[in-house]
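Numbering (the numbering used here), first residue to last: 866 to 1004.
Cβ coordinates follow ideal geometry from the N, Cα and C atoms, glycine included.
If you're wondering where the values come from, they're calculated on a predicted model, not measured in any experiment.
Written below as structure tokens is the structure these notes are about.
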């Protein structure tokens, strides 16, 4: 058998035969349409349905289109600011103390889940302490 040719099994002759089917010729040339599904730009957060308008807006803002990504994203990430970090720390501290002091509204199912997690943590701590003391884990 030669590489690059297509073969098919012949039931009558009991062997492989070369397919003589030719590819269909395409009568029309390839057309690249300028329209696309609405897409939001990462650079200016606007929606575009034209590829050329999208690329023009990227060039105007100094970006280079590489595949599906935009190189040199200028906008600052909201999650990397000092204000966000301070607010997050404050919210987490408040939530911790509300849960610890039983001020946060939680369901009975969640309360049982937390009790099981606490017991598991205590057993893990006990096993760790015993390993440190004796060099082994209790059975």
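- request: Can you have a look at residue 912 and say buried or exposed, based on whether 16 or more other CB atoms are within 10 angstroms of its CB?
  value: exposed
field: Residues near residue 926 in its chain [Cβ-Cβ closer than 6 Å; skip 5 each side]
entry: 908
message: Classify residue 1010: buried if its beta carbon has 16 or more other beta carbons within 10 angstroms, exposed otherwise.
response: Residue numbering for the chain in the displayed model covers 866 to 1004; residue 1010 lies beyond these limits and cannot be assessed.
- prompt: When we look at the beta-carbon of residue 923 and count the other beta-carbons within 10 Å, is it buried (16 or more) or exposed?
  reply: buried
query: Per DSSP, residue 883 is paired with what?
result: For residue 883, which the question treats as bridged, DSSP gives the partners 872.
message: Would residue 884 and residue 873 be called neighbours here (beta carbons separated by less than 8 Å)?
response: yes
task: Please classify residue 985: does DSSP put it in a helix, a strand, or coil?
output: helix
- prompt: Excluding five sequence neighbours on each side, which residues of the same chain lie with their C-beta closer than 7 Å to the C-beta of residue 930?
  reply: Beyond the five residues adjoining it in sequence on each side, residue 930 comes within less than 7 Å, by CB distance, of 920, 923 in the same chain, given in chain order.
message: Quick check on DSSP: helix, strand or coil for residue 912?
response: Note: residue 912 maps to strand in three-state DSSP.
query: Mapping DSSP to helix, strand and coil, what is residue 930?
result: strand
Where residue 945 sits in the DSSP three-state scheme: DSSP places residue 945 in helix when its eight states are reduced to three.
query: Between residue 910 and the rest of its own chain, which residues show a CB-CB distance below 7 Å, the 5 nearest in sequence each way excluded?
result: A distance below 7 Å between beta-carbons, with the five flanking residues on each side excluded, links residue 910 to no residue of its chain.
task: Name the two residues that bound the continuous beta strand (DSSP E) containing residue 877.
output: Where residue 877 is concerned, there is no enclosing beta strand (DSSP E), given that its DSSP letter is neither H nor E.
message: Taking the straight line between their C-alpha atoms, what separation do you get for residue 903 and residue 879?
response: 55 Å
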